[in-house]
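Protein chains in written order, with this note's numbering: chain A, 1 to 715; chain B, 1001 to 1715.
The C-beta atom is built at its ideal place from N, Cα and C for all residues, glycine as well.
Presented below is the structure to which this report refers.
Protein chains: 2
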Amino acid sequence: MTRSHYTLATSALALALGLSATVQAEEGMWMPSQMSEIAAQMKAASAQVPPEQLADLSKAPMNAIVSLGGCSASFVSPEGLVVSNHHCVYGSIQYNSKPGQDYLTNGFLAKTKADEVPAAPGSRIFVIEDLRNVTVDMLKGVKPNMAGRARFDVLDANRKALIANCEKLANRRCDVRAYFGGERYFLQQQLEIKDVRLAYAPAGGIGNFGGETDNWQWPRHTGDFGFYRAYVAPDGSSAPYAKENVPYKPKSWLTLAKDGLKEGDFVMLAGFPGNTDRWRTVAETKTTYDQVYPLTQKMLSDYSDLVNRLTAGNQGTQIKYANSVKGADNFKKNLLGKMAGADAISLTQKKEADDAAFRTWVNADPKRAKQYGVALSDMDALIAETGKREVADIKTGQMGRVQMLSAATTLYRWAKERAKPDAKREAGFQDRDRLPVTERMKQIERRFDAGVDRKIMEWALDHYRSVATADRNEALLAKIDAIGLDKLYAETKLGDTAMRTAWMDKSAAEFEASTDPFIQLAVAAFPYAQKRLDESKDMSGKMNAAARVVMAGQLEFAKSQGKPAYPDANGSLRITYGKVAGRVQDGVAWSAFTTAEGMAAKQRGRGEFDAPAKAINLVKAKDYGRYIAPELGTLPVNYLTTVDITGGNSGSATLNAKGELVGLAFDGTLDGVISDWRFEPALIRTIHVDHRYMMWVMDKVDGAGNLLKEMGIGE
Amino acid sequence: MTRSHYTLATSALALALGLSATVQAEEGMWMPSQMSEIAAQMKAASAQVPPEQLADLSKAPMNAIVSLGGCSASFVSPEGLVVSNHHCVYGSIQYNSKPGQDYLTNGFLAKTKADEVPAAPGSRIFVIEDLRNVTVDMLKGVKPNMAGRARFDVLDANRKALIANCEKLANRRCDVRAYFGGERYFLQQQLEIKDVRLAYAPAGGIGNFGGETDNWQWPRHTGDFGFYRAYVAPDGSSAPYAKENVPYKPKSWLTLAKDGLKEGDFVMLAGFPGNTDRWRTVAETKTTYDQVYPLTQKMLSDYSDLVNRLTAGNQGTQIKYANSVKGADNFKKNLLGKMAGADAISLTQKKEADDAAFRTWVNADPKRAKQYGVALSDMDALIAETGKREVADIKTGQMGRVQMLSAATTLYRWAKERAKPDAKREAGFQDRDRLPVTERMKQIERRFDAGVDRKIMEWALDHYRSVATADRNEALLAKIDAIGLDKLYAETKLGDTAMRTAWMDKSAAEFEASTDPFIQLAVAAFPYAQKRLDESKDMSGKMNAAARVVMAGQLEFAKSQGKPAYPDANGSLRITYGKVAGRVQDGVAWSAFTTAEGMAAKQRGRGEFDAPAKAINLVKAKDYGRYIAPELGTLPVNYLTTVDITGGNSGSATLNAKGELVGLAFDGTLDGVISDWRFEPALIRTIHVDHRYMMWVMDKVDGAGNLLKEMGIGE
């Protein structure tokens, strides 16, 4: 489970709304503020940390939980040491590797703090400080019968104002997210730590043992862990990398449990799950599985094939497009898993049953029918309306793969928005976005080849032209035809990074006067893009109005059945709990733990199964020291639990009943990715790396005694 | 595991030869004549039937074992009732289905013999009568230092003479196959029964439960069984279908065991495995896994994508090409499984170690070095020589997908060969081949669409043109260019079945005077094709000379280590034995049996998991009657064993220690298909349908009491 799988949105209007996800067993990605609702059931499940304590983000263990932006992590020492997954710090290992210094293969260990190296540019540690309900502030000025666009604009303005106010405090990143389809809103405030350094990562043969072959699979034997350290200015304030910076002192940190887990033990986990679709309606589910996913999967497959063909035999372009192809392949695998999973669990049929039950409940009472009926039919109509365009949008959306075009349109939009007051600009084009947008413009340098880009454009154009004229930007097409692809790529200067970033400071008029052919495309494309944006805002406003009423009904329905309800994942902090458990199906049984001997049995000494010889020899000698699991009589490597996670939870600290660190979540199984749509307790398992394996690797294989000591382990 | 996976040859020169496959545990596809070699180990494994008895094909149980040509089967009643896999009788179920009479979905049961229906055209039951060593006859006239072509011609003439002599007996099909790379030859004599009728097949939701999703997977819940009956003329001679024909009286038949199997029990199996490559050399292994399989897999994938695209939205052409696409997809899946498996078990490294051990042993003794050294280096050189062309041959070989071209070249070759005396004709073009060749020409009717064929030709031509001129038929290309694809398809009459079959009786001169553009292509292509054929004969002769010496060395080496050796599978009768066993790996355990409850848990009531409601209701009611497995307390469905099989073994009767029927083999697992190259005892499992499940379905679900009674079951 890598960060990238879940970050690609499949729909331009990805509003989290829908019908009926009822809670069973230990399912649920709970907001900290909901802890009181589930305190009893958590205690019944053996939690020793009072669940109510988890609602307080200023207290341990919650204030030790951090985000890496796309991954979860946690402080594990008073000196700002942070543990997450190997695949979450992978970019920083790669960034610091070069010929003759191959940290990806050999691992990296800073023996002292002075030896720690800067993480990859853009790496951040976000320390959560607050997560508060701002529903009242968000709805200020919203009137019951507002037009869609007007409603959107009020919400948008309120959101920007809340964020701007929050970010007045230096070095904060704030966001306001909708929960239950806008039934409520929370503002999340995080301290942004910009000086992030790599402290330690095991060899790739440990941290990525099993590679793509074992990805999303059980049994698993991956030591998916790595360490960052947070640094701040000597005065304690957040600052970019500087030699004189000092380790950040977190308010609290997790301690490593003395005893490891055994089957049946309680576990809980806090992190930042990215996105789930459990509250989506039947209609959305059908559109998604009948059309959106199959077509998206086909496009990803075609894109990957195309780029592989274009870069074959050319190591330079292969490296440039490796991330993009890997992302496409991973996403495709996830979608195939979801499609198979939806079929296996009869997702649509179950959604239909849930939907029928909800509508029956609504209609059973005239008051409820009046309260929710209109919103329900409004939502049905709106979903039908947006559904119509989804297939065409996926086809035309492939033009987003053309980096020159996408850079030009972003730059022109940047210029147009910059002319407005900051608060009036589109989200993503405000002053607070200058750094990430600039970074994106720079990054193209390492990910772009003009010859490949042109061929991708030819491919994307074929799809673009295949849709009805109403669904495509005719002005853009006409301009492309007028200029021609030869001239576009021969004459553009946007391939040059300095030229590209220089456009960040030019006016819209300068764009409009430019002779650069891609800039001309961006200018020609703008009016239609703006029209679509305006339409989507109107639709979003209408959806918001209907969805928050319907969701209120869903919540009332759930309450009437005595079932607590949790909102879909949206990248904000969540808590989930469960237990260590294998899985039994007719003919096959998964045990809860894998062992070091199992890892050695998979060892091939090359490719994806290439643990360091030292580790293999230690296993052969059964030199496990104090890290043995007594019940197993050997060293555990990975284990399964029933906790409820999704992409974004990678790196989450797994805590025992006392709140001590007992491992890290890092993956699920491919037959469980359907959990993004529906949680099936018998099926869904999360895969963790056992903290005893982490400690053994650090102690016996890599000699990272300095870090173990810092975490209070050893002498 | 369907018949088709293994029938496509990956190399034009598929000689079974190579280095070192040593026998461990219960591995081995043994010739009946080898039973004395392994009698002790079989007895030690609990065989109660004296292994020596299995060497006698005139006695039970071996004379109850039959071939369906591509599948294995067995007699189970004195009235010619034959049991095999559902997927082996699938074509006959399909052939008898039509709108309103959907036997594929609903199953078919003849309540009396009069209700039995003819199997699909071409269906045969082959009753083995003899399998005798003809090495001396084959080598008559072979001299030590003959040129390759001369050696080939002598072997070819001897083989044809042996077959012709054997087939003097009416209604016999005979073949002479090489074992251990030509170190020995056996003649297999079979009675060919031509009146084959379908007696019973369960519903598709039983017989193909799990479909493509579960194919090559465990856990499995497939009732993969079906019944034919063999009919002969009233005088007992083999005859084509006629109403007055009577059931064939086999010399013996298998009885169904009273008690079922339990974990650890001895099992054995006799059948007709198609092809394995365990004796291939390191060099062949490398060429295969580095080049041949990856490229073949890509071609299959591209072909399947192309045809899916060409037939999208057109049910007529989809049906015509369904078999071809399914075959390509299955073969591709098998190759991907083999490639992953080769990597997982470090195939090349193990081959290298075996090769080194053999060469060390050869060189350790001057006599052996003299005896085997020259042949070894000859073989190395010959393999290097053939390996060079393999990639180009795969690319040009795609032209074989063009049905018009392939029909025309076959027909012209038929005319050219027919001008020679029968014994001098190429194998496959003798009088004994007239019926199958004619059948093939007819079948094109149901599998051909001119528009699709043309597009396939365009695709195949791209690959054809991509190879060096020396590796392709320039005369064919020139003729294609001269005529053009438009004219080829506009003017050919070969799309018409009557026209196509009429060419079976025309002279070469008539072909050469023809204005049919595809016939003109065939005539133009002939000289180069003949040149390549002559070259391959020369190469085959040289290979034969070297390989039989090297294999004699390998056998001596194996003997020196006390290891019995068995030849690679080649479609002839083999015996294997093992035991009922699950599989345990770190983190996951397969139990040996699946159960009816597991089947019901997979049930979706649609698609691939759609067992009849009656079956599901019986499971819910736990109405299993006498078919319960006492140890499991429920009805077993499928089970795993360690027996050593490959494609062609589908339908093989699984026998208990006493030689009674306890189920049918029908599949392996995808991570086990590498067993075609190397048998890894810990990994390889064969999947069987339990005879108790068969009986339960027949008794409780389908009311096939008539057949159970015929087999001696029930009152």
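Within 8 Å, strictly: CB atoms of Y321 (chain A) and T396 (chain A): Taking 8 Å as the Cβ cut-off, Y321 (chain A) and T396 (chain A) do not qualify as a contacting pair.
Cutoff 8 Å: P1630 (chain B) Cβ touching any chain A Cβ: No - not a single Cβ of chain A is within 8 Å of the one on P1630 (chain B).
Given 8 Å, three or more beta-carbon pairs between the region 1283-1298 of chain B and the region 1447-1467 of chain B: Segments in contact, no.
W216 (chain A) - DSSP class collapsed to helix/strand/coil: In the structure shown, W216 (chain A) sits in coil (DSSP, three-state: anything other than H, G, I, E or B).
Short CB-CB distance (under 8 Å) between V136 (chain A) and chain E: Looking at the structure shown, chain E is missing, and the protein chains on hand are A and B.
D667 (chain A) versus A589 (chain A) - alpha carbon distance: D667 (chain A) and A589 (chain A): Cα-Cα distance of roughly 19 Å.
Whole-angstrom distance between A1657 (chain B) and Q1024 (chain B), CA atom to CA atom: Legend: pLDDT at Q1024 (chain B) = 43, less than 50; position of this residue unreliable, no value from coordinates given.
Under 8 Å between C-beta atoms of P1517 (chain B) and L1476 (chain B): A distance of 8 Å or more separates the beta carbons of P1517 (chain B) and L1476 (chain B).
Proximity test, Cβ basis, 8 Å: A1279 (chain B) and chain A: Looking at the sequence shown, residue 1279 (chain B) is not Ala but Trp. For W1279 (chain B), the answer is no, since every Cβ of chain A falls outside 8 Å of its Cβ.
Cβ-Cβ separation, G598 (chain A) to H221 (chain A) (assumed contact under 8 Å), whole Å: About 6 Å separates the Cβ atoms of H221 (chain A) and G598 (chain A), confirming a contact at the 8 Å cut-off.
Per-residue burial, A1021 (chain B) [other beta carbons within 10 Å of its own, 16 or more giving buried]: Reliability fails at A1021 (chain B), whose pLDDT of 37 lies under 50, so the model's placement of it is uncertain and the value that follows must be treated cautiously. A buried status is given to A1021 (chain B), since no fewer than 16 other beta-carbon atoms sit within 10 Å of its beta-carbon.
Whether I1650 (chain B) touches A1665 (chain B) by CB criterion (8 Å): A quick correction: the sequence has Ser, not Ile, at residue 1650 (chain B). The Cβ atoms of S1650 (chain B) and A1665 (chain B) lie closer than 8 Å to each other.
Exposure label - N980 (chain B); buried when at least 16 CB within 10 Å: An answer regarding residue 980 (chain B) cannot be provided, because it is not within the stretch 1001 to 1715 covered by chain B.
I713 (chain A) to A547 (chain A) span [Cα, whole Å]: Inter-residue distance for I713 (chain A) and A547 (chain A) is about 51 Å (C-alpha atoms, whole angstroms).
Within chain A, partners of P1219 (chain B) - CB distance below 8 Å: What P1219 (chain B) touches in chain A: Q585, D586, G587, V588.
Contact between the region 1529-1540 of chain B and the region 1135-1144 of chain B (3+ Cβ pairs under 8 Å): They do not touch, by the three-pair rule.
Residues that T594 (chain A) contacts on chain B, provided the C-beta gap is smaller than 8 Å: Correct list: D1586, G1587.
For N638 (chain A): DSSP bridge partner residues: Paired residues: A:V689.
Cβ of S466 (chain A) within 8 Å of any chain B Cβ: Judged by the 8 Å Cβ criterion, S466 (chain A) is not in contact with chain B.
Residue of B:M1499, B:D1471, B:T1501, B:R1454 minimising C-alpha distance to I1480 (chain B): Ranking the options by Cα distance to I1480 (chain B), first place goes to B:R1454.
Cβ-based burial, K559 (chain A) [other Cβ within 10 Å; buried from 16]: Exposed, by the Cβ-count rule.
Chain A contacts from the region 1192-1207 of chain B (Cβ-Cβ distance under 9 Å): For the region 1192-1207 of chain B, which is checked against every Cβ of chain A, not one residue is closer than 9 Å.
Proximal residues to D690 (chain A) (C-beta, below 7 Å), its chain only, five neighbours per side dropped: Close CB contacts of D690 (chain A) within its chain, under the 7 Å cut and outside five residues either way in sequence, are with G260, P636, V637, N638, Y639, G663 (chain order).
For E263 (chain A) and F227 (chain A), the rounded distance between their alpha carbons: Straight-line Cα distance between these residues: approximately 27 Å.
CB contact below 8 Å: R1604 (chain B) versus chain A: Chain A, which has a Cβ nearer than 8 Å to the Cβ of R1604 (chain B), makes this yes.
Simplified DSSP assignment, three categories, for A427 (chain A): It is coil, neither helix nor strand.
Span of the beta strand (DSSP E), counted from its first residue to its last, around F666 (chain A): For F666 (chain A), the enclosing beta strand (DSSP E) begins and ends at 661-668.
Cβ pair count under 8 Å reaching 3, the region 1403-1414 of chain B against the region 1507-1522 of chain B: Counting C-beta pairs closer than 8 Å gives three or more between the region 1403-1414 of chain B and the region 1507-1522 of chain B, which meets the contact rule.
F209 (chain A) to D1586 (chain B) span [Cα, whole Å]: The straight-line gap from Cα to Cα measures roughly 15 Å.
Spatial distance of P567 (chain A) from N158 (chain A) (CA atoms): Approximately 22 Å, taken between the alpha carbons.
Ordered list of alpha helix (DSSP H) runs contained in the region 1436-1472 of chain B, each at least 4 residues: Segments of the alpha helix (DSSP H) lying fully in the region 1436-1472 of chain B: 1450-1465.
Inter-residue CB distance, T646 (chain A) and T276 (chain A) (contact presumed, cutoff 8 Å): Their Cβ separation, rounded to whole angstroms, is 6 Å, which keeps T646 (chain A) and T276 (chain A) in contact under 8 Å.
is_contact[D1667 (chain B), chain A] using C-beta, thresh 8 Å: It does not: the Cβ of D1667 (chain B) has no partner Cβ on chain A nearer than 8 Å.
Alpha-carbon to alpha-carbon, D156 (chain A) and A60 (chain A): C-alpha separation (whole angstroms): 34 Å.
Per-residue burial, I1319 (chain B) [other beta carbons within 10 Å of its own, 16 or more giving buried]: That one is exposed.
Reduced DSSP category for A14 (chain A) - H, G, I as helix; E, B as strand; rest coil: For A14 (chain A), the predicted model reports a pLDDT of 31, less than 50, meaning its position is unreliable and no value from the coordinates is stated.
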